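For the sequence shown, this note's numbering gives the first residue as 6, with consecutive numbering after it. For each residue, glycine too, the CB sits at the ideal point set by N, CA and C. The structure presented is a predicted model; accordingly, all values stated were derived computationally and were not measured.
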Amino acid sequence: MIEVSHVSRYFGSFSAVNDVSFSIPTGQIVGLLGPNGAGKTTTMRMITGYLAPSEGQVLIDGVDITQAPVEAKKKIGYMPESAPLYGEMIVEDYLKYIAQMYGENPEEKVPALCAECGLKEVMSKNISELSRGNRQRVALAHALMHDPEILILDEPTSGLDPNQVEDVRAIIREIGKTRTVIVSTHILSEVETICSRAIIISGGKVVADSSIEALKNSVGTSSSVFVT
Numbered sequence: 006m007i008e009v010s011h012v013s014r015y016f017g018s019f020s021a022v023n024d025v026s027f028s029i030p031t032g033q034i035v036g037l038l039g040p041n042g043a044g045k046t047t048t049m050r051m052i053t054g055y056l057a058p059s060e061g062q063v064l065i066d067g068v069d070i071t072q073a074p075v076e077a078k079k080k081i082g083y084m085p086e087s088a089p090l091y092g093e094m095i096v097e098d099y100l101k102y103i104a105q106m107y108g109e110n111p112e113e114k115v116p117a118l119c120a121e122c123g124l125k126e127v128m129s130k131n132i133s134e135l136s137r138g139n140r141q142r143v144a145l146a147h148a149l150m151h152d153p154e155i156l157i158l159d160e161p162t163s164g165l166d167p168n169q170v171e172d173v174r175a176i177i178r179e180i181g182k183t184r185t186v187i188v189s190t191h192i193l194s195e196v197e198t199i200c201s202r203a204i205i206i207s208g209g210k211v212v213a214d215s216s217i218e219a220l221k222n223s224v225g226t227s228s229s230v231f232v233t
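Next comes the structure, spelled out in structure tokens:
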């Protein structure tokens, strides 16, 4: 379970996130929806422990991520919008390297993730040669390497073509059957397609938190909402 309690983050006098609170139970796929600059990425970086909140608390299964970051981060897989990958490495070698870093057996873990993330056709290619869609798949495999209970994805389909978008969404839906997933996006249709719940952030604050069905009903039709 993820519990975010009255979290704020300031950069000098600028308030990027202001008194945000929500909780996400185990096994739910939640969309963090809002326009660019709304505070989504800052919120996700605080949840993952990469950025300390100025105020408030983040608990991962009851563990304060600021007070006990190593214990809390074991439960989290994080894929940032522009995931850092070693472009000069072959995909298979890169994933084996990541497996070893996490203390996993590369010969068992890498083939399983290769199948789960749809990487069979590119395992022998350099990462620098991959399409953005396949690089996203590699980044997703990286985030899943230590079998985390919670997966946090920041704009996972950003910059992909329509076919790549659908492929990545299908993978996320499958992954979400056994994990808690947070997907940050500014695309309403992405939340409708993947998630069962939406938390809408604007101006650094939570302005709505509801099921996808309730969100649709509140605006009449989904096509009448556009998040920029």
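- Cβ-Cβ distances below 8 Å link A104 to N110, P111, K114, V115, M150 in the same chain, with the five nearest sequence neighbours on each side left out; the list follows chain order.
- Apart from sequence neighbours up to five positions away, the residues of its chain that approach Y107 with a beta-carbon distance below 6 Å are M150, H151, ordered along the chain.
- Beta-bridge partners of R14 (DSSP): V22.
- When secondary structure is reduced to three states using DSSP, K221 falls in the helix class.
- I177 is bridged by DSSP to nothing; it lacks a bridge partner.
- Residue environment for D166: exposed (fewer than 16 other C-beta atoms within 10 angstroms of its C-beta).
- Using a Cβ distance threshold of 9 Å, E60 and S13 count as a contacting pair.
- From the listed residues V127, E197, T185, the smallest Cα separation to I29 is found for T185.
- For the options I34, V25, T162, I81, the alpha carbon positioned closest to that of P153 is the one of I81.
- Here DSSP, grouped into helix, strand and coil, assigns E60 to strand.
- For T46, the enclosing alpha helix (DSSP H) begins and ends at 45-52.
- Pairwise C-beta distances place the segment 118-126 out of contact with the segment 86-94, as fewer than three of them are shorter than 8 Å.
- The C-alpha of A175 is placed about 15 Å away from the C-alpha of S163.
- For G39, the closest of T31, G32, I180, T48 by C-alpha to C-alpha distance is T48.
- Taking 9 Å as the cut-off, the beta carbon of E97 is found closer than this to the beta carbon of C119.
- In this chain, the beta strand (DSSP E) harbouring I204 covers 202-207.
- Taken through DSSP and simplified to helix, strand or coil, N131 comes out as strand.
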